[in-house]
Amino acid sequence: MASVTNDMKVGAESQESKIDDVGEKREVSDSELEATAIDYDGPEARRILAKVDWRLVPVLSLLYLVAFIDRSNIGNAKVAGLTTDLNMHGLQYNTAVTLFFVPYTLLEVPSNIVLKLMRPSRWIAILMLAWGLVMTLMGLITSYGGLLAGRFFLGVAESGFFPAATFLLTLWYRRYEVQRRMAVFYVAASLSGAFSGLLAFAIQKLDGYDGREGWQWIFIIEGLIPVALALVIWKALPDSPETASFLTQTERDFLVRRLAEETGSGHGKVTNQDKMGKNFVIAGMSDWKVWAAVVIFWGNTVGVYGFTATVPTVINGLGYSAANAQLLTIPIYVFASIMTIIFAWWSDKLQTRSPFIIAGFLTACCGFIAQLAIPHPKHPGLTYGFLFPVAGGLYCPFIILVSWIANSLAPSSKRAVGMALLISVGNMGGIMGSNIYLEREKPKYTTGFGVSLAMCCGSVLMTVVLRWAYQRENHKREALLREHGEDAIRARYSDAEMLDLGDKSPFFKYTL
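Set out below in structure tokens:
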């Protein structure tokens, strides 16, 4: 994007006018004139973005760390004696893991619609309070039926957080800035495996305290954390650049302006201030490219959710004690976190998405092939070593895919629905992933590793198809601009109509 020129003087009269996002003429304020003098890529812009980074990204990262720990700690609870104490057998554990995803996947789109209708900070605080209470109460269960009820309502409460948080980030950053921030946020999911293992190792020592089992204390303590955070997060989490109290008016105007001009082509405008309407809901849910991305998403969720819920048991089956199995998960997730950050930074630097998605899934394929080839439980060190490319390869493409789709949807109402749809239906892969690691196949888990491998291969293929479709559309729009010219095309639409077109605008360019 070209830098903004300093044609307007900071001290210019504020009586000038402009066309706003709804196509109406209005007065331009002094702060808006000052904002136009800031270079989009200059030191002042970097200072403003750093100010946003420190206020927004660490908060969301902490919340996602807590959310992912709470949804996946059932794997730690299993190693701590959950299945034994509740007399579970056969596929009952898999059913409990799976049940979470039923409400989780069905409620994400409605949740993001609510998000657009109210302040994000309020909605996220409500969600946190709800899932924290559910998790805490799971520490009081004494039967398998109670576990199923707890997992179901945990899925209800957590369903809206991830699509809300990722959408919130897109309201603050341009397309080749947002992924690095999303990666830091998402690394919390990778680190949750490490923290969950470490916390479970420590909490297990409370086994027998106050007449409760170690796995019960895991649920209780890890549930009280989001309850406490919910009481302060509604005040600490900023909602949008337009309303951010920690920014000056000039800084707010600058952020709004640079985001409005982020179409990828250097022409036209987009808006984040559109109102949620039926047309945007339909547009977000009917875009075939979002559904193609869902197939790519399944490669991640089938592997990640099955792997996360099973990896402590896999390590335990290699001859390590339950306590050491918890600790040995930590290096795996740290490696996945590092790989996620590197891929995200590199992808933003090169301003491309699809090659890094493909590279991640191919890395995971190598790990799955090795797990299938190594004779378990022989060579425990080698088996453990090849869990690293599995985790790294599965985690790193995910945030690149979410950023890719976020970059390709406009205006913000369509983006809110499309991103929620992607995450919602994509997370249905968790249902499959939770049922392919069969207890009778441990420690080799042939079905689990084999199906995950096949899904990764399918994701690579669909990534190639989606890149081809975006590239083809970009070429058609470039040809249209060359043939008719920018002014002639712009004359066909009013300003409001052009904003409503969003990613269908002839000036919008898709990220590859």
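According to UniProt numbering, the sequence shown is numbered sequentially starting from 1. Glycine included, each C-beta is placed from N, C-alpha and C at the ideal position.
No Cβ-Cβ contact shorter than 8 Å links Leu63 with Ile225.
Remark: C-beta atoms of Tyr437 and Thr310 approach each other more closely than 8 Å.
Asp503 counts as buried, since no fewer than 16 other beta carbons sit within 10 angstroms of its beta carbon. Distance from Thr166 to Val402 at the Cβ level is roughly 6 Å; contact confirmed, criterion being Cβ atoms closer than 8 Å.
For the set Val465, Tyr176 and Thr308, the Cα lying nearest the Cα of Ala293 is the one of Val465. In its chain, beyond the 5 residues on either side, Ala325 and Leu328 have a beta carbon closer than 6 Å to the beta carbon of Ile315. Three or more Cβ pairs drawn from the segment 420-435 and the segment 93-106 lie within less than 8 Å of each other, which places the two stretches in contact. Look at the beta carbons and you see the segment 453-464 touching the segment 358-372: at least three pairs across the two are nearer than 8 Å.
Excluding its 5 nearest sequence neighbours in each direction, Tyr186 has C-beta neighbours in its own chain below 6 Å: Ile399, listed in chain order. Short of 6 Å from the beta carbon of Val304, and not among the five residues preceding or following it, lie these beta carbons of its own chain, in chain order: Leu394. The C-beta of Ile282 has fewer than 16 other C-beta atoms within 10 Å across all chains shown, which makes the residue exposed.
Cβ atoms of Leu421 and Val302 stay farther apart than 8 Å, at about 18 Å. Ala157 places its beta carbon less than 8 Å from that of Trp131.
Between Leu168 and Pro120, the CB-CB gap stays under 8 Å.
Contact check for Met128 and Leu229: beta-carbon distance about 6 Å, within the 8 Å limit, so the pair qualifies. Within the model, the alpha-carbon separation for Glu486 versus Thr243 is close to 33 Å. Straight-line spacing of the CA atoms in Phe507 and Val66 works out to 40 Å. Straight-line measurement puts the Cα of Phe195 at about 22 Å from the Cα of Gly208. A check of alpha carbon separations from Leu501 across Ser413, Phe386 and Arg174 identifies Ser413 as the nearest. Here the segment 245-254 makes contact with the segment 39-51; the two share three or more CB pairs at distances below 8 Å. Between Arg258 and Gly42, the alpha-carbon positions lie close to 12 Å from each other. A straight-line Cα-Cα distance of about 12 Å links Pro411 and Lys116.
Rounded to the nearest angstrom, the gap between the Cα atoms of Ala77 and Pro331 is 20 Å.
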